[in-house]
Every structure is written in C-alpha cells, then in structure tokens.
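Shown next, in structure tokens, is the structure this report addresses.
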Amino acid sequence: MDSKPSNFIDQQVVPGDVVLDLSTMSNQTIKLGSGLRQDGDTVAVIKAGILRFSKPNKYWVESSHKRYVPCAGDTVLGIVVDTRSDNFLVDIKASAVAFLPVLAFEGGTRRNIPKFEAGTLIYVRVVKANIGMNPELSCMDASGKASGFGPLKDGYMFESSTGLSRMLLSTPTCPILEGLGKRVSFEVAVGLNGRVWVNAESPAEIVLVANAIMKSESLSAVQQKILVEGLLKRAK
Numbered sequence: 004m005d006s007k008p009s010n011f012i013d014q015q016v017v018p019g020d021v022v023l024d025l026s027t028m029s030n031q032t033i034k035l036g037s038g039l040r041q042d043g044d045t046v047a048v049i050k051a052g053i054l055r056f057s058k059p060n061k062y063w064v065e066s067s068h069k070r071y072v073p074c075a076g077d078t079v080l081g082i083v084v085d086t087r088s089d090n091f092l093v094d095i096k097a098s099a100v101a102f103l104p105v106l107a108f109e110g111g112t113r114r115n116i117p118k119f120e121a122g123t124l125i126y127v128r129v130v131k132a133n134i135g136m137n138p139e140l141s142c143m144d145a146s147g148k149a150s151g152f153g154p155l156k157d158g159y160m161f162e163s164s165t166g167l168s169r170m171l172l173s174t175p176t177c178p179i180l181e182g183l184g185k186r187v188s189f190e191v192a193v194g195l196n197g198r199v200w201v202n203a204e205s206p207a208e209i210v211l212v213a214n215a216i217m218k219s220e221s222l223s224a225v226q227q228k229i230l231v232e233g234l235l236k237r238a239k
C-alpha cells in the first residue's frame, strides 16, 4: 500500500491535524521528523507548517520558525555556553539548553575529554528529544564514528530559518550550493536548527557564499542560479 498521505503532503498543516493512520501501514517502518507526534495508531501535527515526505518513509513538518524544535536524528549547529563535570551545555536555538556528554565523542574516555571554551561552535547530532527534558547531543553518528561532527574552526556562522536549512540539505543538491560549488571552493555545515557555517580560502569568498545563501531562501531554482551568476560577476 502506498503510505503517502496525498491529502496532506506539501500542504499547510496546523497542530491537531491527523496526517497518518498507522493501522493501515502495519508492514511499514515510518520515520517521523520535526513537527509530528505519534499517539497510538495515529500521527498528529504539533507545529504549523508544510507537511513534507521523502522516500522511502520519512515525514516531517517544514516551517520557517526561528525557534527550533529538537527531533532525534537531526544534525544541528550548537554553541557551547558552559562546561560541567559530565556535560557541555549547548545552545541549539531550542526552548531549553542541550546536554552534550563529555564522553559522546569517538573513542571518548575520561582521559581524553575535549576542552571547549564558551562560544565554541560545534556540529552535533540530536540523540534524545523528549518533551519536558533537555535534549541530548552527540558528536558521533549512529555507528559511533565522528563522521565530521565536532568543533568548527574559523569560517563564519550565521542564523537563518529552519526552512532555509532544510532547503540547503535537500536532495538533489539545491541550485544555490550547486552553482557556488562550480565556481568557488568552500566548506559548508548546515544545522536543521537554522544555523549555517561557511568557510573558504579568503574572507571575500566567505562573504560571497554567505550572502548568496542568505538571499536564496524565497527564490526559485532559476532565480537562485541567476543570483549566483550576479554575485560572481560583481566579485570579479
């Protein structure tokens, strides 16, 4: 049976809308992302936005809210705000500060605990996000490997909306990143919490890439390509 709820996909939804009936999908494993909650055999919306679906089985509500609602499995950019004996306290733009255990690193032991000063920007994965509890983070993937998680040095981080973050992480690669990548050598880390970090060989290239990304949120694919060409011409 096709699990795609055609009446809701790519449509505006509000809290309380029931978008999935799991009793009709017993042979499928469904992954729920941000903005959805399971209650028995139904899945309901808990924040307003656009219901999205990606094959084979993931559903989430996309919104452009500034405040991020954590969801297990999300990758985010956090800012270390304090250090405790067992955890780093990390701001991930959620309603509560998140905990990053000092051992939540590849090969982590009490003898090699990393040292992060307040203000350190770090790329992390949300592993727990229960209502009423502080989110828990990790600098490892599901297999225990670092996989690029950890502190981000140099470069420039800017705040965006969660909607822009999801566009940048879409598949296939969004036009703005694809176009820039053909002409400029740069690194980018995108958090689903609406933070983006870029780094390049020169400050001018960092500014160019950051400006292009920030201006692309409400543009179509064609408009994004035009934007890239215009910015590159002015940068010559």
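In short: position in the sequence shown from 1, add 3, done, that's the working numbering.
Glycine is no exception: its CB is placed at the ideal position from the N, C-alpha and C atoms.
If you're wondering where the values come from, they're calculated on a predicted model, not measured in any experiment.
Reduced DSSP secondary structure (H/G/I, E/B, other) of residue i
| i | result |
| --- | --- |
| V64 | strand |
| M170 | helix |
| T165 | helix |
| E12 | One detail in the question is off: residue 12 reads as Ile in this sequence, not Glu. I12 falls in the coil class under three-state DSSP. |
| K2 | Here the chain comprises residues numbered 4 to 239, so residue 2 is not present and cannot be evaluated. |
| S221 | coil |
| Q1 | The structure shown has nothing for residue 1, since the chain only spans 4 to 239. |
| S98 | coil |
Span of the beta strand (DSSP E) around residue i
| i | result |
| --- | --- |
| R114 | That residue, R114, is in no beta strand (DSSP E); it is neither H nor E in DSSP. |
| S141 | 139-141 |
| G81 | 78-86 |
Continuous alpha helix (DSSP H) stretch holding residue i: start and end
| i | result |
| --- | --- |
| P178 | 178-186 |
| M217 | 206-218 |
Option in the options with minimal Cα separation from residue i
| i | options | result |
| --- | --- | --- |
| V127 | A99, N30, D77 | D77 |
| S141 | E109, K50, T86 | E109 |
| I53 | T165, C74, S219 | T165 |
| V17 | F56, I49, P73, I33 | I49 |
| V187 | K58, G81, V231 | V231 |
| K156 | E139, G122, S163 | G122 |
| K228 | G184, I125, D144, R70 | G184 |
Cβ-based neighbour list, residue i, same chain, cut-off 8 Å, excluding 5 preceding and 5 following
| i | result |
| --- | --- |
| N214 | L234 |
Proximity test, residue i beta-carbon vs the ligand MN heavy atom, cut-off 7 Å
| i | result |
| --- | --- |
| G151 | Questions concerning the ligand MN fall outside what the structure shown contains, since it holds no ligand whatsoever. |
Contacts around residue i, its chain only, beta-carbon distance under 6 Å, and the 5 residues preceding and following it disregarded
| i | result |
| --- | --- |
| V191 | V201 |
| L106 | none |
Cβ-based neighbour list, residue i, same chain, cut-off 7 Å, excluding 5 preceding and 5 following
| i | result |
| --- | --- |
| V100 | V84, L92, V93, D94, N137 |
| D89 | P104, V105 |
| C74 | G36, S37, V129, A132 |
Inter-stretch contact at 8 Å, needing at least 3 Cβ pairs: the segment 55-72 / the segment 30-44
yes
Do the segment 146-165 and the segment 87-94 meet, that is, are 3 or more Cβ pairs less than 8 Å apart?
no
Looking at C-beta atoms only, is the number of pairs between the segment 201-213 and the segment 123-142 that lie closer than 8 Å three or more?
no
Would you call the segment 112-126 in contact with the segment 161-179, where contact means no fewer than 3 C-beta pairs closer than 8 Å?
no
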